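Residues in the sequence shown are numbered from 1 upward in steps of one, following full-length UniProt numbering.
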Amino acid sequence: MYRVLFMPLLQIPSGHHHVADCIKEELEQFSGVFQCEKVEILSYCYGKAETLISIVYLQWIHKLPHLYSKVYKKSAVKNAKTNRLILTYKWLFYKKILHLLRQVNPDIILCTHALPSHILNCLKSEKLWSGKVINVYTDYFINNLWGIDQIDYHFVPSQRVKQELIHKGVKEQQIFISGIPIHPVFKKAKPSIKKSKPVILISGGNLGIGSISQLLHRLIPSGTIQYKVLCGKNQILFDYLTKLNHPHILPIPYIDSKEEMNSFYEKADAILTKPGGVTVAECLWKRLPIFVYEVLPGQEEYNLEYLKEQGLVFHLDNWSSSMNIEKIVIHYLQNKLVHFYKSVDSFNQTLEDHNTSNIIRNFIV
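This is the structure:
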């Protein structure tokens, strides 16, 4: 039996966790072959301090986005090999992660976050650990914090990222264009559903009331479209929209079931969201038109840049000054979908294998 260790960074729900859970669930279906364990590095290393750090991190992103973006570009996009952040990471995590490896003794480690990948890369380069490490990228851009040269395999989101890694010296046989891994339930064929009017999902409830309420104000719903707002765990937003009681805006509470989320995708004609890697990957698989209205600083800025270049999203970049967003959305849906579907189909054809668990079983172990 192979011991597989998943190493996301934080406990807060994110694409890093969704991808880790997806692969973990698939591997556990091979009864008696894989023993899987997931360890959030920050909570493992520093216990309850992880909660405080997560709160500060989220507040930083939402309250000071320009500062976060500037720091991200300096530390993760420019030359990260010698910057102070990397040295700080090593000081904080190096010995503790080495202790974890000796305790768990995994055969394979899957990294869905750059920091554990970087630390493992250092440990392997110094001959302190020799197990297999797989980078599973959860965005469409690879920042410079990821470990590269000592990593055994790379599950990449696109042909472009594969070429970037080859340029950095990674052998082609070590790279699999898996796309960003998503749960198998989202890969089911989309049934034909008759509706009285188009349905558009609005995601991003975790951004807070401000962005969503401003967006809805600019939408000016006419009744042509039914909007379903995915509020996530934002109870304040859900209560606000419930009290609003708009006939064409339906608030949806937190959805824990992937089957239920898939049902919402299948009944929708488009989604207004931010360019998070996993959400985008799910929507591309469902061939669901994506309208980006909000971008978190850091990784999502680079996701959006790539997705726009590939024609995979529609960017509502001036929505805050628009008098009627609904008219813009309807225009795109009526005039731009042929090109969008061609772009999506072309992109999906470049993916080699969507089933990461099969790759691990057939090529790696």
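For every residue, glycine included, the Cβ atom is placed at its ideal position computed from N, Cα and C. All values derive from a computational prediction rather than experimental measurement.
* To do: Spell out a yes or no on whether the region 326–334 and the region 216–226 are touching, meaning 3 or more CB-CB pairs, one atom from each, closer than 8 Å.
  => yes
* Asked: Just how far apart, CA to CA, sit residue 300 and residue 139?
  -> 8 Å
* Hey, out of 298, 290, 321, whose CA is closest to residue 307's CA? -> 290
* Outcome for residue 323 when other beta-carbon atoms lying within 10 angstroms are tallied against a minimum of 16 -> exposed
* To do: Within the region 175–223, note down every full beta strand (DSSP E) run reaching 3 residues or more, in order along the chain.
  => 175–177, 199–202
* **Between the CA atoms of residue 145 and residue 58 - distance to the nearest angstrom** => 20 Å
* Asked: How long is the line joining the alpha carbons of residue 152 and residue 131, rounded to whole angstroms?
  -> 9 Å
* Asked: How many angstroms separate the CA atom of residue 244 from the CA atom of residue 44?
  -> 42 Å
* To do: Check whether the region 240–254 touches the region 265–273, taking contact to mean three or more Cβ pairs, one atom from each stretch, closer than 8 Å.
  => no
* Okay, do the region 55–74 and the region 15–32 touch, 3+ Cβ pairs below 8 Å being the bar? -> no
* Asked: Can you give, in chain order, each stretch of the alpha helix (DSSP H) that sits fully within the region 302–349 and has at least 4 residues?
  -> 325–335, 337–349
* To do: If I'm right that residue 34 touches residue 7 with Cβ under 8 Å, what's the distance once you round it to whole angstroms?
  => Contact doesn't hold; Cβ gap of about 16 Å is too wide.
* To do: Please state if the CB of residue 340 and the CB of residue 284 are separated by a distance shorter than 8 Å.
  => no
* To do: In the DSSP assignment, find the unbroken beta strand (DSSP E) run with residue 283 in it and report its ends.
  => It is not in any beta strand (DSSP E) - residue 283 instead sits in the alpha helix (DSSP H) that spans 277–285.
* Three-way DSSP call (helix, strand, coil) for residue 154 in this model -> strand
* Cβ neighbour criterion (16 or more within 10 Å) applied to residue 88 -> exposed
* Asked: What is the residue span of the alpha helix (DSSP H) that residue 242 lies within?
  -> 235–244
* Since residue 218 and residue 320 are thought to touch, with beta carbons under 8 Å apart, how far apart are those beta carbons, to the nearest angstrom? -> 7 Å
* Less than 8 Å between the CB atoms is what I'm expecting for residue 61 and residue 296, so what's the real figure, rounded? => 6 Å
* In this structure, what does DSSP give as the bridge partners for residue 251? -> 229
* Name the two residues that bound the continuous alpha helix (DSSP H) containing residue 27. => 15–27
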